[in-house]
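Data first, discussion second: the structure below is written as C-alpha cells.
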Ligand SMILES: NC(=O)c1ccc[n+]([C@@H]2O[C@H](COP(=O)([O-])OP(=O)(O)OC[C@H]3O[C@@H](n4cnc5c(N)ncnc54)[C@H](OP(=O)(O)O)[C@@H]3O)[C@@H](O)[C@H]2O)c1
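Residue numbers (this note's numbering): 1 to 258.
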C-alpha cells in the first residue's frame, strides 16, 4: 500500500526543491514520489539523487492524455494512497495580450487551469483524511495584471479554486493550500516574452525557492488554505482587498511596476 506524493513541474525551480524536501521527510511519511515534467533527463536525475523511490512521468500537461496516464498508473498500483498532490508546473508569458502568440496563451490556460483541475479530479478518489493538495498560485493572483493578463487571471482561478475546495473538503480532513510566491530566480524568467514588462514587474523583488517550498509544506501540514510566504506580499494582499482596483493600478504605475 504505497503512500504517494505527486509533484508536477518537478524538473526545475520550485518543483525540484519541493521534491528534495519531500524526500527529506518534510511532508511526513511518503513511500514514493511521482514526478512529472517534460524533460526526461531532469527527472532521471531526481531518481538518482533522492533516497525515496521516485517514479518519473515524462508528460506534457497541456496534453489531455497526460491526465489519463497518471490516473491509469494510480489504478494499476495496488491500494495506492495519494497523501500529497502538488500542482506546481507552470509557465507564463509577459506582454500585451494581442502580442502573445495564441498557442502560448492556450498552453497557459491548459497548464495553469485545466491540468490542476484534472489532476485533482483524478487523484481525489485515492486520497484519505490527512491527504493534502498544494496548488502553486502567485502574487500575480492578487490583482488583474496588465501585460500578464492571462497568467494573472489563471493564477486567480487557482487561488479561488483552492480556497473553495478547501472549505468543501476540510470536513473530511483533506486540505487544499494555494501558495502565492513572489518572483523566484528559476527558469520561469528565462523566456519571459516581453522582457521589459518582466523586468519592471520583478522590481517587487525575489524570494528563494527554499523559503517558498518550506512555507508551502508547513502550510499544507497545518491545513491552511492560503500561504503567502513573504511578509511584504502578505501586506500587499491585505491592501488589495481594501483598495479599489483603479487606485491599485495607479500605485503600480507610480512605482514603475507597470
Ligand atoms: N519563478 C517565479 O518568479 C514565480 C513566481 C510566482 C509563481 N511561480 C509559479 O511557480 C511554479 C513553478 O515555477 P518555477 O518558478 O519553478 O519555474 P521553472 O523553473 O520554469 O519550473 C517550471 C516547471 O514546470 C514544468 N513544465 C512547464 N511546462 C510544462 C508542461 N507543458 N508539462 C509538464 N510540465 C511542464 C517544467 O518542466 P519541463 O520544462 O521539464 O516540462 C518545470 O519543471 C509555476 O506554477 C509558476 O507559475 C513562479
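By construction, the Cβ of each residue, glycine as well, lies at the ideal position given by its N, Cα and C atoms.
If you're wondering where the values come from, they're calculated on a predicted model, not measured in any experiment.
For this session: Verify the contact flag: residue 125, CB atom, against every heavy atom of ligand 1, threshold strictly below 7 Å.
Result: no
Problem set entry | Where residue 228 sits in the DSSP three-state scheme | coil
For this session: Sort 179, 114, 121 and 171 by Cα distance to residue 134 and report the nearest one.
Result: Its Cα nearest to that of residue 134, the residue 179 stands out among 179, 114, 121 and 171.
Exercise. Looking only at C-alpha atoms, which of 79, 236, 10 and 74 sits nearest to residue 45?
Worked result: 10
For this session: Could you please give the first and the last residue of the uninterrupted beta strand (DSSP E) stretch that includes residue 168?
Result: Unbroken run through residue 168 is the alpha helix (DSSP H), 149–169; no beta strand (DSSP E).
Problem set entry | Residue of 173, 170, 199 and 23 minimising C-alpha distance to residue 184 | Closest by alpha carbon: 199.
Exercise. Taking one C-beta from the stretch 120–129 and one from the stretch 163–176 each time, how about it: are there three or more such pairs within less than 8 Å?
Worked result: Yes: at least three Cβ pairs fall under 8 Å.
Exercise. If you follow the alpha helix (DSSP H) that residue 209 is part of, which residue opens it and which one closes it?
Worked result: 209–222
Exercise. When you compare each of 29, 161, 1 and 91 to residue 121 by their alpha carbons, which one comes out closest?
Worked result: 161
For this session: Count the other CB atoms, across all protein chains shown, that sit within 10 Å of the CB of residue 256; report buried if there are 16 or more and exposed otherwise.
Result: exposed
For this session: Helix, strand or coil for residue 257, going by three-state DSSP, please let me know.
Result: coil
Problem set entry | Euclidean distance between Cα positions of residue 145 and residue 166 | 26 Å
Exercise. Quick one: complete beta strand (DSSP E) runs, 3+ long, within the stretch 72–100?
Worked result: 81–87
Exercise. Under the three-state reduction of DSSP, which class applies to residue 176: helix, strand or coil?
Worked result: In the three-state scheme derived from DSSP, where H, G and I count as helix and E and B as strand, residue 176 is classed as strand.
For this session: Please go through the same chain and pick out, in chain order, the residues whose beta-carbon is closer than 7 Å to the beta-carbon of residue 224, but skip the five residues on each side of it.
Result: 177
Problem set entry | Euclidean distance between Cα positions of residue 8 and residue 37 | 6 Å
Exercise. Out of 159, 212 and 195, which has the shortest C-alpha to C-alpha gap to residue 94?
Worked result: 195
Exercise. In this structure, does DSSP put residue 27 in helix, strand or coil?
Worked result: DSSP places residue 27 outside both helix and strand once states are collapsed to three, so it counts as coil.
Exercise. Taking the C-alpha atoms as reference points, what is the distance between residue 77 and residue 54?
Worked result: 14 Å
Exercise. Between which two residues does the alpha helix (DSSP H) containing residue 62 stretch?
Worked result: Where residue 62 is concerned, there is no enclosing alpha helix (DSSP H), given that its DSSP letter is neither H nor E.
For this session: Tell me whether the beta-carbon of residue 58 lies closer than 8 Å to the beta-carbon of residue 43.
Result: In terms of Cβ geometry, residue 58 and residue 43 form a close pair [threshold 8 Å].
For this session: Check the C-beta distance from residue 197 over to residue 147 and give it rounded, since I have them as a contact under 8 Å.
Result: 4 Å
Problem set entry | Bounding residues of the alpha helix (DSSP H) (the contiguous stretch that carries residue 7) | Residue 7 -> not in any alpha helix (DSSP H); beta strand (DSSP E) instead, spanning 3–8.
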